[in-house]
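Below, the structure is given as structure tokens:
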């Protein structure tokens, strides 16, 4: 049997509530900044929505795109294309046969702003005023398709959908494409753009959002006793995945290895995670097995931890259960405390953070944890970043989604 | 109120420039939508939708295929609103 191809990360790109690119996003995360802010509109008042804040992207994405690009892409695709162009440049604009280049970019919800704008147009002005670009803008594979067009990626363009696990699942699928020999390089990640009253009201109706309107920056507080729900976010993150051989042949700078992918489904409830975290444990265990990494080697976990009462502790207990005594030396980070919850973009942004954590040996902090939940039994990185040990290390990024989708990715140093 | 051909040309040039990324100055009567302005069928239908809205005219799909240049479209719109 031929040895399996290693997959490495050679480029990073992001467009988030913390920064307009990956370096500024990472620096803001290390500094413990919050991307949550009060929405400058009257949605809460007009529609009676109990939440008036979100972690909105900084900067104007349209300044980074041409007019026709802006008009033809939903914001979810706009964020993804901008992040992909950054990641591609960061990877040194690889020379590659188009048939060996893939694109796997997910959105959890799709072009919902386009969908809702289209419905408004139809109701208010009739079918003759519907734009022919509506369908290619609202379809959830649109970010992936536009990135495939932009980079001439012909090995396959995919958009896996698993709610808030979508971005991580996309990266996992990209790894599989390279291992299966279907591509040498894959542009992979996730994106979301849902800052519109309908999705905000819908999440509020599911009672999953924080209602801390008077202090948005303190609202996302995973593992704090006073957590009261997640903060809706938006943005995109993209990584360039590459076979180790391809990266070596072109002398690429390598951040880290994407060493393991683990997937499972709870098959328990459409929104609630299975209380014992069995599915989460299986996903983490299979990712470690896939990477050939032992529990002892894991020094950092970027938790899914969204700041909900129930979800945070199920995951923390699952980590303690799987790692047992080895969990004592895990630096646990919940970066949604800073970025808000990017839904389909979250798993990609947190993978980017995990890659940077391994490359720079810095675990980003969890902010707003004034009083840690007494049940939390894994060492939490609070307030300021934690140094990670030198030598060979591994880190895990967890992403879980409504529907019971569990994805764990293992990142190791090179 | 009817638009003059000059006004239709100026308004159409604005729509085409937005959609195609070409400068409005390139949208001259002799310009072919496909050959000179790189307008594909999706873009053309988008332009027609905006033009119908702006000039308050109806341009049926079967007539769109006959509009190969900017001048054709200007003449059609000017006539249709009369």
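Protein chains in written order, with this note's numbering: chain A, 1 to 414; chain B, 1001 to 1082. Where a beta carbon is used, it is the ideal one built from N, C-alpha and C, also for glycine. Since the structure is predicted, the reported quantities are computational estimates derived from the model, not experimental observations.
CB contact check: residue i to chain B, cutoff 8 Å
i             : result
residue 68/A  : yes
residue 131/A : yes
residue 128/A : yes
residue 336/A : no
residue 309/A : no
residue 257/A : no
residue 356/A : no
residue 362/A : no
Per-residue DSSP class, three states only, for residue i
i              : result
residue 1084/B : The question about residue 1084/B has no answer here: the residues shown for chain B are numbered 1001 through 1082.
residue 96/A   : coil
residue 272/A  : coil
residue 40/A   : coil
residue 325/A  : helix
residue 372/A  : strand
residue 1033/B : coil
residue 401/A  : strand
residue 1025/B : helix
residue 115/A  : helix
residue 457/A  : There is simply no residue 457/A to check, as chain A begins at 1 and stops at 414 in what is shown.
residue 20/A   : coil
residue 419/A  : Residue 419/A is absent from the structure shown; chain A starts at 1 and stops at 414.
residue 10/A   : strand
residue 300/A  : strand
residue 1072/B : helix
residue 234/A  : coil
residue 330/A  : coil
residue 1010/B : helix
residue 60/A   : coil
Nearest to residue i (by Cα), restricted to the options the options
i             : options                    : result
residue 310/A : 358/A, 289/A, 209/A, 241/A : 209/A
residue 84/A  : 72/A, 71/A, 65/A           : 65/A
residue 314/A : 278/A, 302/A, 285/A, 220/A : 278/A
residue 395/A : 95/A, 99/A, 402/A, 413/A   : 413/A
residue 180/A : 242/A, 139/A, 326/A, 267/A : 242/A
residue 385/A : 174/A, 357/A, 169/A, 267/A : 357/A
residue 389/A : 134/A, 301/A, 361/A        : 361/A
residue 200/A : 328/A, 341/A, 131/A        : 341/A
residue 47/A  : 197/A, 129/A, 169/A        : 197/A
residue 38/A  : 30/A, 17/A, 23/A, 31/A     : 17/A
residue 387/A : 365/A, 398/A, 56/A         : 365/A
residue 58/A  : 32/A, 45/A, 14/A           : 14/A
Proximal residues to residue i (C-beta, below 7 Å), its chain only, five neighbours per side dropped
i              : result
residue 1024/B : 1013, 1014, 1017
residue 220/A  : 36, 210, 230, 231, 307, 336, 337, 340, 368
Any C-beta of chain A under 8 Å from that of residue i
i              : result
residue 1061/B : no
residue 1049/B : yes
residue 1021/B : yes
residue 1053/B : yes
residue 1006/B : no
residue 1046/B : yes
residue 1042/B : yes
residue 1014/B : no
Beta-carbon proximity list for residue i, same chain, < 6 Å, skipping 5 on both sides
i             : result
residue 101/A : 153, 155, 185
residue 323/A : 295
residue 98/A  : 152, 154
residue 316/A : 376, 378
residue 50/A  : 204, 211
residue 174/A : 104, 186, 188, 241
residue 397/A : 302, 350, 351, 354, 409
Distance, residue j Cα to residue i Cα
i              : j              : result
residue 40/A   : residue 260/A  : 42 Å
residue 1037/B : residue 1022/B : 7 Å
residue 352/A  : residue 193/A  : 19 Å
residue 90/A   : residue 409/A  : 22 Å
residue 1032/B : residue 144/A  : 32 Å
residue 213/A  : residue 231/A  : 10 Å
residue 264/A  : residue 306/A  : 19 Å
residue 1080/B : residue 1053/B : 13 Å
residue 28/A   : residue 330/A  : 22 Å
residue 1069/B : residue 334/A  : 57 Å
residue 337/A  : residue 308/A  : 11 Å
residue 253/A  : residue 10/A   : 6 Å
residue 271/A  : residue 1041/B : 42 Å
residue 256/A  : residue 404/A  : 29 Å
residue 190/A  : residue 355/A  : 15 Å
residue 235/A  : residue 133/A  : 22 Å
residue 170/A  : residue 1009/B : 46 Å
residue 53/A   : residue 216/A  : 6 Å
residue 332/A  : residue 77/A   : 31 Å
Proximal residues to residue i (C-beta, below 8 Å), its chain only, five neighbours per side dropped
i              : result
residue 1064/B : 1044, 1045, 1048
residue 150/A  : 81, 84, 85
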